[in-house]
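Engineer:
Residue numbers (the working numbering): 6 to 592.
(1) Report the three-state DSSP secondary structure of residue 522 (helix, strand or coil).
(2) Grouping DSSP H, G and I as helix and E and B as strand, with all else coil, what is residue 473?
(3) Assuming residue 147 and residue 163 form a contact by the criterion Cβ under 8 Å, report the distance between their Cβ atoms to the nearest whole angstrom.
(4) Kindly indicate which three-state DSSP category residue 285 falls into: helix, strand or coil?
(5) Please classify residue 352 as buried or exposed, where buried requires at least 16 neighbouring CB atoms within 10 angstroms.
(6) Is the stretch 375 to 382 touching the stretch 522 to 533, taking contact as three or more C-beta pairs under 8 Å?
(7) Identify whether residue 501 lies in helix, strand or coil by the three-state DSSP scheme.
(8) Is residue 571 helix, strand or coil by DSSP?
(9) What does DSSP give as the partner residues of residue 362 in its beta bridges?
(10) If you draw a straight line from the C-alpha of residue 12 to the C-alpha of residue 43, how long is it?
(11) Could you name the residues that DSSP lists as bridge partners for residue 412?
(12) Return the chain-ordered ranges of every alpha helix (DSSP H) run that is complete within the stretch 381 to 459 and spans a minimum of 4 residues.
(13) From residue 367 to residue 417, what distance separates their C-alpha atoms?
(14) Within 10 angstroms of the Cβ of residue 595, are there 16 or more other Cβ atoms? Answer buried if so, exposed if not.
(15) Just checking my contact of residue 629 with residue 517 at CB under 8 Å: how many whole Å lie between their CB atoms?
(16) How far does the alpha helix (DSSP H) with residue 145 in it reach, from first residue to last?
(17) Could you give the first and the last residue of the continuous alpha helix (DSSP H) run that contains residue 314?
(18) For the alpha helix (DSSP H) holding residue 10, just list the boundary residues, first then last.
(19) I need the straight-line Cα distance from residue 166 to residue 196, nearest angstrom please.
(20) Count the other C-beta atoms from every protein chain shown that fall within 10 angstroms of the C-beta of residue 276, then say buried if there are 16 or more, exposed otherwise.
(21) Using the Cα positions of residue 399 and residue 354, report the straight-line distance between them to the nearest angstrom.
(22) Looking at the secondary structure, which residues open and close the alpha helix (DSSP H) in which residue 230 lies?
(23) Rounding to the nearest angstrom, what Cα-Cα distance links residue 384 and residue 479 in this structure?
(24) Could you spell out where the alpha helix (DSSP H) holding residue 580 opens and where it closes?
(25) The alpha helix (DSSP H) that contains residue 67, what's its start and end?
(26) So, does the stretch 386 to 398 touch the stretch 504 to 518, judging by three or more C-beta pairs under 8 Å?
(27) Excluding the five sequence neighbours on either side, which residues of its own chain have a C-beta within less than 7 Å of the C-beta of residue 57, listed in chain order?
(28) Per DSSP, what are the beta-bridge partners of residue 563 in this structure?
(29) Give a yes or no on whether the C-beta atoms belonging to residue 110 and residue 308 are separated by under 8 Å.
(30) Report, in whole angstroms, the separation of the C-beta atoms of residue 590 and residue 561, which I expect to be a contact under 8 Å.
(31) Does DSSP classify residue 83 as helix, strand or coil?
(32) With residue 72 as the anchor, note down where its beta strand (DSSP E) starts and where it stops.
(33) Using C-beta distances below 8 Å, list every residue in its chain close to residue 299, excluding the 5 sequence neighbours before and after it, in chain order.
(34) Of the choices 292, 15 and 407, whose alpha-carbon is the least far from that of residue 475?
(35) Looking at the structure shown, is residue 259 part of a helix, part of a strand, or coil, going by DSSP?
(36) So, at 7 Å on beta carbons, what are the nonlocal neighbours of residue 224 in its own chain, with the 5 sequence-adjacent residues on each side left out?
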């Protein structure tokens, strides 16, 4: 049996456990002191000799800092990994392989090696095939993948037949690397001479003269996509391209990406928005394993089957179950408002901020419901949430809801040096089962808030907001930085908290699938971004979605197997049928 041992060096604290507790308890060490399985490494932390490890897991269960993972790998993984970061470090097995004329989607949880795999394909990282400290080249990749489609791909790389254009995950780094306006940046990379056409399709023509340091996250994302597409390449790789984009922009970008794939050109996309991924991808690679320990790339599957397999948690062809539960989308009947208890009413109000005006009609929320908030960027959703939360006041008359409100803002302060366990004192003492465990907060207890990644910070902020004593909880973009599984876990956590405590939750987000999975009713914002926004009273899901989808000119159906929402192909029989009947949201 293939077995790997992973040591998280930052967590390993020999002094805190009384002096290498795991080393003392290891049965191999106690039996044979000359050849130690667990030993003191050069960095004064532990190291583990995988060839001597018997998989007893005593070290795993007794380590007070959860620094050790011993993993028995599937029998199929007999080869050395494609890449390993260090001895007892993360290991990656297999790679997603481009298919020319197709869009290949890559789906998996955070920390499973998606970005690492993409960096190897794009040439930004040379794999070491498990031999730490050794250099490799394309010939090594050809030999490693001998007899597979990957061999042909790397042979083309060697023959200079492949040119790669790569959009990295963290677009917020662009202003630190480039100065000047948007037009200057795009002209530098334009190798095709189609800058005007691309800017029009991605709606960048209005900000072409704007300084790169002064544009929003959504605009920065579209600039990064444009810069990638303007390069002459036959393999385009996009690492998380819907972050910061609203629902309308996500659909436009998805359609734009689909148009890139033609004969002789391949596209690979890493994405957590399942509706967008399903819309743009022809094929899917699932990545599974254990976050932070190892990742495996599955064989290619058709997009529909691949996403359903991911939700199922079971790879039939490989006979591997990578999740011990299925993710199901229940078909919820409409709420019967007559039997619901009103929680709060708000009057009609307005708010003017610079050139922007928000007009909100009067509305009502009920006890024990989750209301999703949808709309374009810059249309007043966050302003509306801040007014209900009491962070800012509307014009003319002060708003007093006479209830307790807990608010998680869109942008979370990450500069505090306070420990997570201090921030989440109430959650740890009162809501361990409801919040701390499902959100996987325990491994973060001893971290400072300033040390958290985007996804970790988001989970901590959600946990804090949901743990407060409140009648109404407001969450602004809780799905940001979270992977697919985390988004659906957060959705379940919110539902359980609302039901158990009989409170109400308002959620602003751009992930349609996340809100469809969570919401009982919807608030749909309309208007003109940065100028005016209007919002009516909360609507039933069908009415609210119909309202939104009609504006987007798309229709949604439910998948026959998983019941997840899927976008119909434009002008398909199903699309025309639903539009003619006025049912844009599920027939």
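The beta-carbon is built from N, C-alpha and C at its ideal position, and this holds for glycine as well. Being a predicted model, the structure only gives us computed values, none of them experimental.
Structural biologist: With the structure as the only source:
(1) helix
(2) coil
(3) 7 Å
(4) helix
(5) exposed
(6) yes
(7) helix
(8) strand
(9) 357 and 537
(10) 11 Å
(11) 479
(12) 386 to 394, 425 to 428 and 430 to 435
(13) 29 Å
(14) Absent from the model: residue 595. The displayed extent of the chain is 6 to 592, so no value can be given.
(15) No statement about residue 629 is possible, as the shown extent of the chain runs from 6 to 592 and does not include it.
(16) 143 to 149
(17) 308 to 317
(18) Per DSSP, residue 10 belongs to no alpha helix (DSSP H); it is in the beta strand (DSSP E), 8 to 12.
(19) 17 Å
(20) buried
(21) 6 Å
(22) 222 to 234
(23) 17 Å
(24) 578 to 586
(25) 63 to 67
(26) yes
(27) 33, 40 and 42
(28) 570
(29) yes
(30) 5 Å
(31) coil
(32) Residue 72 -> no beta strand (DSSP E), and no H or E assigned at all.
(33) 9, 11, 76, 78, 86, 95, 96, 97, 98 and 118
(34) 407
(35) helix
(36) 212
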